[in-house]
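Chains as they are written, first to last, in this note's numbering: chain W, 877 to 1074; chain S, 877 to 1074.
Where a beta carbon is used, it is the ideal one built from N, C-alpha and C, also for glycine.
Working notes for the structure below.
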DNA sequence: GGCATGCATTGATGTATGGTAAGAAATTCA
DNA sequence: TGAATTTCTTACCATACATCAATGCATGCC
């Protein structure tokens, strides 16, 4: 079977060698979540990072008005977690849920410790991922501060063309911080302009 | 001279011992920037983190429309840096500038390496700071996605009461993602409601 | 196949925030 | 201290996006 994506990921992205891989690979477990199933609920402490073997996840918060705000999507070869909750051992502020039937690899602190001990390259890669995460959050803040709904949407489809097809529109709207109706109008407007350019 | 804040910070916050402190403290340099002076410009690679001994800094971007968006403030005992630029050795997307005459301690990678080698506690603290940074960015995204201008402002003055007094209003507005005019109106509205409660 | 359910679109209208412009207040600096 | 400059406020109007409600369009399900 299994975890082929994860293994490939460790080798080609994190630079873990074949030999190291064998020593590391006692540990991680995989698990299947059905569409709509929760991987993490608000108030729970997040004990894992989830590596997506196959499928699609989202994380989101619910505000005092009862509105969902999508924080992040994760499809194949992406990680999903609440780093803060995991690191500080605090109840999480958000939910993680499967958008499609999804196979994930459960990564706990012990695995990361072990892998980092065995493979210096992995440790380095992990650090790098953390920095990348910050860069990504920074960029998102910038877009939310400055860009119109249309620009944010264009940025999204440019960055995540695959997700644009797999994720329901109302979730994309939620990620962008607008209503589904507004997104529909933005799309209409874009379509119009593309058919009759300039 | 001094760097008293920085030393105190290392001891009481990062848990560095007196003895370790002496071994570490060959290195860091301090520098004074005048009000309005730039510590980092867009396009430059950020080689330092700046620890604020005394004074006040801001980091900001300028979008295609020429509008500033303030990313972060840093007053006494805070760090300011472009982590992404420093880590990836890439040109920075943003500017760092002194809002007041400001004394900073220049922290480069070598210092952090050295301090982390000498003091395990420092290494740990550094990791913790990184995670905190992520948590902070996450929270900001959430506010930008969901909260009104008023709520964002209330959150700001609650979190940074000291800054509210020291920072010009138009900069707070920029941080919140609204215009100075709008912030002025929000404040007026709040004042009205506070004088005639409920 | 028919019906329920969830999602997308559309139109009418509401609201929060933006833009502009002018003057008041505060701060800076010679 | 007074003039220059910056910041803040206010009023009026413009706009982007939200809200509400109706309809259309799939999809899944018994």
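For residue 981/W, the closest C-alpha among the options 926/W, 1015/W, 892/W and 987/W is that of 926/W. Taken atom to atom, the span from the alpha-carbon of residue 882/W to that of residue 897/W is near 11 Å. Counting along the chain, no beta strand (DSSP E) covers residue 1023/W, and no H or E run does either. For a cut-off of 8 Å, the C-beta gap from residue 1017/W to residue 1017/S is around 6 Å, short enough to register as a contact. Among the bridge pairs identified by DSSP, residue 905/S is matched with 982/S.
Secondary structure note for residue 971/W: its beta strand (DSSP E) is the uninterrupted segment 971 to 974. Contact check for residue 935/W against residue 970/W passes: the beta carbons are separated by less than 8 Å. Pairing residue 1013/W with residue 1010/S gives a Cβ-Cβ distance under 8 Å.
Pairing residue 904/S with residue 983/S gives a Cβ-Cβ distance under 8 Å. Bounds of any alpha helix (DSSP H) do not take in residue 889/S, whose DSSP letter is neither H nor E. Close CB contacts of residue 938/S within its chain, under the 6 Å cut and outside five residues either way in sequence, are with 944 (chain order). Note that the C-beta distance between residue 1026/S and residue 1062/S is below 8 Å. Judged by beta-carbon spacing, residue 949/W lies beyond the 8 Å limit of residue 879/W, meaning their Cβ atoms are not closer than that value.
Annotation: residue 1001/W to residue 886/W spans about 9 Å, alpha carbon to alpha carbon. For residue 1035/W, the three-state secondary structure derived from DSSP is helix. Given a length threshold of 3 residues, each whole run of the beta strand (DSSP E) inside the segment 922 to 965 of chain W is given here in chain order: 925 to 930, 932 to 938 and 944 to 951.
Using beta-carbon distances, residue 1000/W does not count as an interface residue toward chain S, since no partner is under 8 Å.
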